[in-house]
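In our numbering, the protein residues as written are 2 to 302. Here the structure comes first, spelled out in structure tokens, and everything after it is commentary.
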């Protein structure tokens with residue numbers, strides 16, 4: 002059923018503010034350009050305060066293979082107690098890797114204890130290629146449904162969207178009509194706006210979306226680079242976040258179209274560089290361009 006959020010005073014993307022308090026929630030990797038390592042430099046701006054709540058510390062990104070993972074559930078709970086004493090308030094939350102239903106519960110409590118519920122962007126990192134990531138449980142999937150019910154924007158890939166809906170068996174039987182039905186179902190679960198990435202229909206890849214503010218469904222084709230690059234999803238989310246904060250008048254479809262083009266262009270360039278260890282985006286080559294706000298003239302007719 003649709004979650005009733007009409008009585009909640011939430012920060013909306015179209016509301017202008019002089020300063021934003023942003024909280025990133027996700028894992029911290031010692032080696033690898035993912036999560037905090039990517040998003041912190043891309044989201045940093047003079048009119049923002051950027052804070053972090055790590056869900057785990059990881060020796061290296063999983064793209065390298067074996068890794069040491071220390072979950073920080075107890076630390077998160079204790080941090081929440083201290084933050085409540087300090088009365089820290091956040092305008093916008095971005096959630097990434099959550100490792101357990103207990104961590105989901107902590108995020109729900111964090112949101113509930115804010116004076117004004119923050120705008121929530123959730124990337125429900127749980128799986129790919131039709132399967133749940135190794136080491137994660139279906140209890141986490143159940144918990145992630147609670148995050149979806151609170152989110153203003155969710156950005157799952159196709160696998161994650163189907164896991165949330167309990168329809169992962171449909172991964173290899175995708176049609177355009179089905180994707181639109183899945184968007185509708187996710188919205189009915191409570192998510193205000195939805196982007197489903199990595200949708201392959203025939204030989205074309207798409208991002209499908211729904212924007213609640215505009216009551217608009219859309220699909221955006223993009224070029225798939227046939228090499229795995231770690232951190233691309235974090236770049237994509239950061240670009241969308243920057244646009245929502247700085248150019249709220251733009252439609253979500255235009256924002257996502259631009260972000261997809263930027264990421265594809267970077268990956269095409271990265272493909273030409275030799276990699277010493279593993280394929281990850283050396284985004285520092287493009288930091289100035291990525292941190293620049295999306296030029297309005299490129300986004301409107």
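Glycine included, C-beta positions come from ideal geometry on N, C-alpha and C. All of these numbers come straight from a predicted model, not from anything done at the bench.
query                                                                                                                            : result
Close beta carbons around residue 142, own chain, < 6 Å, minus the five adjacent residues each side                              : 164
Beta-bridge pairing of residue 52 - partner residues as DSSP gives them                                                          : 24
N- and C-terminal bounds of the alpha helix (DSSP H) containing residue 236                                                      : 233–247
N- and C-terminal bounds of the alpha helix (DSSP H) containing residue 157                                                      : Neither: residue 157 is in no alpha helix (DSSP H) and is coded neither H nor E.
Meets three-Cβ-pair contact criterion under 8 Å: the region 107–126 and the region 134–152                                       : yes
Whole-angstrom distance between residue 273 and residue 107, CA atom to CA atom                                                  : 43 Å
Inter-stretch contact (C-beta, 8 Å, three-pair minimum) for the region 59–66 and the region 84–95                                : no
Touch test, the region 254–261 against the region 218–227, Cβ-Cβ under 8 Å, three pairs minimum                                  : yes
Proximity winner among 253, 251, 289 and 99, relative to residue 25 (alpha-carbon distances)                                     : 99
Residue 130 burial status per 10 Å Cβ neighbour count (16 or more: buried)                                                       : exposed
Collapsed DSSP secondary structure at residue 167 in the structure displayed                                                     : coil
Run of the alpha helix (DSSP H) containing residue 108, from where it starts to where it stops                                   : 102–113
Residue 197 and residue 159 closer than 7 Å at C-beta                                                                            : yes
Closest Cα partner of residue 231 within the set 82, 78 and 283                                                                  : 283
When 48, 85, 97 and 83 are compared against residue 57, the one with the closest alpha-carbon                                    : 97
Cross-strand partners of residue 221 (DSSP beta bridge)                                                                          : 208
DSSP three-state assignment for residue 299, whether helix, strand or coil                                                       : Confidence is the limiting factor: at residue 299 the pLDDT is only 49, short of 50, which leaves the residue's position unreliable, though a coordinate-based value still follows. Note: residue 299 maps to helix in three-state DSSP.
Backbone CA spacing between residue 288 and residue 245 [nearest angstrom]                                                       : 19 Å
As assigned by DSSP and simplified to three states, the class of residue 75                                                      : helix
Reduced DSSP secondary structure (H/G/I, E/B, other) of residue 182                                                              : helix
Host alpha helix (DSSP H) of residue 60 (start-end)                                                                              : Run containing residue 60: none; DSSP gives neither H nor E here.
Rounded distance between the beta-carbons of residue 152 and residue 193, thought under 8 Å                                      : 7 Å
Rounded separation between residue 175 and residue 48 - CA only                                                                  : 42 Å
Continuous beta strand (DSSP E) stretch holding residue 95: start and end                                                        : 93–96
Beta-carbon contacts of residue 28 that lie in its chain and below 6 Å, excluding the five residues immediately before and after : 36, 56, 57, 59 and 98
Nearest to residue 53 (by Cα), restricted to the options 285, 84, 67 and 71                                                      : 84
Residue 271 (DSSP reduced to helix, strand or coil)                                                                              : helix
C-alpha distance - residue 21 paired with residue 43, whole-angstrom precision                                                   : 15 Å
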